[in-house]
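Top to bottom, those sequences are chains A and B. Per this note's numbering, the first sequence starts with residue 1, numbered consecutively. Per this note's numbering, the second sequence starts with residue 285, numbered consecutively. What follows is a single structure, written as structure tokens, with notes after it.
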Amino acid sequence: MTALLDVRDATVTYPRPAAEGGPVMAVNGVSLTVEAGSIVGLVGESGCGKSSLGRAILGLVPLAAGEVRWRDRRIDKLPRASFRPLRRELQLVFQDPTASLDPRMTIAESVAEPLRALVPGLSAAGRDARVEATLGEVGIAGELASRFPHQLSGGQLQRACIARALAVDPAFLVCDEPVSALDVSVQGQIVNLLARIRRERGLGCLFISHNLAVVAHLADHILVMHRGRIVESGSCAEVLTAPRHPYTRTLLESVPEVDPVSARRLIAGRATGPDSAPSSRLTS
Amino acid sequence: MSALLEARGLTVDFSGRQAIRAVDGVDLTVAPRERLAVVGESGSGKSQLLLACTGLLAANGRAAGSVRFAGRELLGDPRAAAAVRGRGIGFVFQDASGSLTPHRGIGDQLAEVAMSASALTRRSARDEALAMLARVHLPDAGALAARYPHELSGGMRQRVAIALALMARPRLLFADEPTTALDVTVQAGVLALLARLCDELDMALLIVTHDLGVVAALADRIAVMYAGRVVEEAAATALLSRPRHPYTAGLLASVPRLGDRGELATIPGAPPVPGESFRGCRFEPRCPNRAERCSAFDPALARIAVGHVACHFPLTVDGSQ
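Here's what the structure looks like:
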């Protein structure tokens, strides 16, 4: 069986003056595959290249080298117009739901937008029905749909963004830090929602996050990214219980547990140093 | 022991198109050398509480009640509040760049605070600055002093911001989400630094955060805020292992833990929007244990064996209702 998404040796560079060291290699020869119905978690710290990789998969930043294959067809060199039909299949959910929604549109209007743009054959009535059904699927019912973004909570807005991504019935979702801007008591609602949607729709998903515990709740397979490279790849259980790369171990050990004894033991071990771990950033 | 900081019935109101009560009758004390964590989600009023204590509210904000620092009333006395800022109470914020001037070297900025805090010559102020940079574990203080904030990593910048807050040797440090903007591998080091500095400098700490792991690492005592109120307050070990308020219990259960799989525990619904008015308990709409009286009567913060809880039906020590 061929994978839904197959990324090989992907490299993303950003320009930088030669005096400052030349181009920045944000993503450096990364390969990954995602099967239909599976969630791959991509973990790393700020500047490690995880968002650049997510964007490159969706054709939002160009690859400097390597390739992205979707259903065994190469899509990274496609001109804009040819990529357009693929937008129905590959969708994206961002970190900040407030910034992703137009403040002057109602929630229902925002969810209808991608349908208008990508499924032009759909009648107005068909569109309304699809919007209502998708919003219902994410738990935004009735009168909430006719409200404006500022009238909803952060969790409700992120549900709306997920509904907007799902409205065109995609086969693949890139979620870039989808719960990082939400309160702890609400984060779980969104994680559980994504788990249910994957189960019910059989979507493939690349779930990008700096929070290993959140990723571990959801992902079948985990990739750990550091300085533009994948330094560890394995099943969720393997990475958590038997990490092989020292950076993965540092990452695992750095999260303070909600237990005074172990949290204090952790910081007692970090009392020296400027910053105990080397920067995850390639540019520093 | 007399309190270093003592807030009584502290209320913060914002006027505008809609009147908002951000903090609603909060009592809080910090003893000398004590580390208190105020925990809450966005909009719970935890940051406004800190600002109100030191007279730093926005122009449309008004604080009422009483805030005493070392016995002296600060509310309604801008000069007393100004005198306490810096030498009495130092500040570290989430965004270190906001505490530093972008166009001056780190060393100058630190020395300036030392000079305004105590009458020092420029030269000895500079020595103090270098000593403080070493104290916050920044390597090669001499070279670093000449650098500008943008030349440093996020973790280093936060260490400089901490050094800046400590230059005037405050007796209490206010830290508002000091590690939230940092990577987790850097966070542990900054938490360790804060803990050690409190010990070395005999300094009390009031840390405001939403991160219960950070709280577990630093706090002696915890106050949990919800919708402008303190709903539970107790010693850290007791509160984290045996929460008595259903909100505290829900918050603790919601933290994703490494190695757990499947459904995450959540609290249904969302925190109230600032400005919402309440009749009964503010947590009632989201509470798994709500009963009739919860929507009718506002529970007061009442003393229990190990602290205080504001709930008609607090959880028992073994976690049941």
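Ideal placement from N, C-alpha and C gives every residue a C-beta, glycine not left out. A quick note: this is a predicted structure, and the numbers were derived from the prediction, not measured.
- Relative to the Cα of glycine 438/B, the nearest Cα in the group Lys330/B, Gln471/B and Leu489/B belongs to Gln471/B.
- By the Cβ neighbour-count rule, leucine 417/B is buried, with 16 or more other Cβ atoms within 10 Å of its own.
- According to DSSP, phenylalanine 375/B shares a beta bridge with Phe458/B.
- A direct Cα-to-Cα measurement between aspartate 311/B and serine 538/B gives close to 27 angstroms.
- Closest in C-alpha terms to alanine 65/A, from the list Leu135/A, Glu20/A, Val7/A and Glu232/A, comes Val7/A.
- By the neighbour-count definition (other C-beta atoms within 10 Å, threshold 16), glycine 155/A is a buried residue.
- Neighbours of proline 555/B across chain A, judged by C-beta separation under 9 angstroms: Ser153, Asp183, Ser185 and Val186.
- Between the stretch 579–589 of chain B and the stretch 547–559 of chain B there are fewer than three inter-stretch CB-CB distances shorter than 8 angstroms, so the stretches are not counted as touching.
- By the C-beta density criterion, proline 423/B is exposed, having fewer than 16 other C-beta atoms within 10 angstroms.
- Closer than 7 angstroms at the C-beta level to chain A, one finds these residues of the stretch 491–518 of chain B: His494, Leu496, Gly497, Val498, Ala500 and Ala501.
- Just so you know, the alpha carbons of valine 239/A and arginine 249/A end up roughly 9 angstroms apart.
- Of the candidates Ile390/B, Gln378/B, Ala291/B and Leu535/B, the residue whose Cα lies closest to the Cα of phenylalanine 567/B is Leu535/B.
- Around phenylalanine 375/B, the same chain offers Ala449 and Phe458 as residues with beta carbons nearer than 6 angstroms, after the five sequence neighbours per side are excluded.
- DSSP, reduced to helix, strand and coil, places arginine 419/B within a helical segment of the structure shown.
- In this structure, the straight-line span from the alpha carbon of alanine 287/B to that of arginine 455/B is close to 12 angstroms.
- By the Cβ neighbour-count rule, threonine 134/A is buried, with 16 or more other Cβ atoms within 10 Å of its own.
- DSSP places serine 561/B in the coil class of the three-state scheme, outside both helix and strand.
- Beta-bridge pairing by DSSP links threonine 11/A to Ala65/A.
- Cysteine 161/A sits away from isoleucine 39/A, with the two beta carbons spaced by 8 angstroms or more.
- Residues of the stretch 544–571 of chain B with a C-beta atom less than 9 angstroms from some C-beta of chain A are Asp544, Arg545, Gly546, Glu547, Leu548, Ala549, Thr550, Ile551, Pro552, Gly553, Ala554, Pro555, Val557 and Arg570, listed in chain order.
- Beyond the five residues adjoining it in sequence on each side, serine 51/A comes within less than 7 angstroms, by CB distance, of Asp176 and Ile208 in the same chain, given in chain order.
- In this chain, the beta strand (DSSP E) harbouring alanine 586/B covers 586–588.
- Within chain B, no C-beta atom comes less than 8 angstroms from the C-beta of asparagine 28/A; the nearest is roughly 19 angstroms away.
- Setting aside the 5 residues that flank it on each side, proline 170/A is surrounded in the same chain by Arg88, Glu89, Leu90, Gln91 and Leu203, each with a C-beta closer than 8 angstroms to its C-beta; the list follows chain order.
- For threonine 248/A, not one C-beta of chain B is nearer than 8 angstroms to its own C-beta.
- Setting aside the 5 residues that flank it on each side, alanine 167/A is surrounded in the same chain by Val111, Pro114, Leu115, Arg130, Val131 and Thr134, each with a C-beta closer than 7 angstroms to its C-beta; the list follows chain order.
- In this structure, DSSP gives histidine 245/A a state outside helix and strand, which the three-state scheme calls coil.
- The three-state secondary structure of tyrosine 432/B, taken from DSSP, is coil.
- Ranked by Cα distance from threonine 550/B, the first of Leu152/A, Ile57/A and Leu193/A is Leu193/A.
- Annotation note: the stretch 173–199 of chain A contains no uninterrupted alpha helix (DSSP H) run of length 4 or greater.
- One Cα belongs to leucine 118/A, the other to alanine 3/A, and the distance between them is close to 24 angstroms.
- DSSP places threonine 134/A in the uninterrupted alpha helix (DSSP H) bounded by 124–137.
- In the three-state reduction of the DSSP assignment, arginine 526/B falls in the coil class.
- By the C-beta criterion, the stretch 507–514 of chain B is judged to be in contact with the stretch 313–330 of chain B, since at least 3 inter-stretch pairs fall below 8 angstroms.
- Leucine 358/B sits in coil when the DSSP states are folded into three classes, being neither helix nor strand.
- Straight-line measurement puts the Cα of valine 258/A at about 19 angstroms from the Cα of leucine 599/B.
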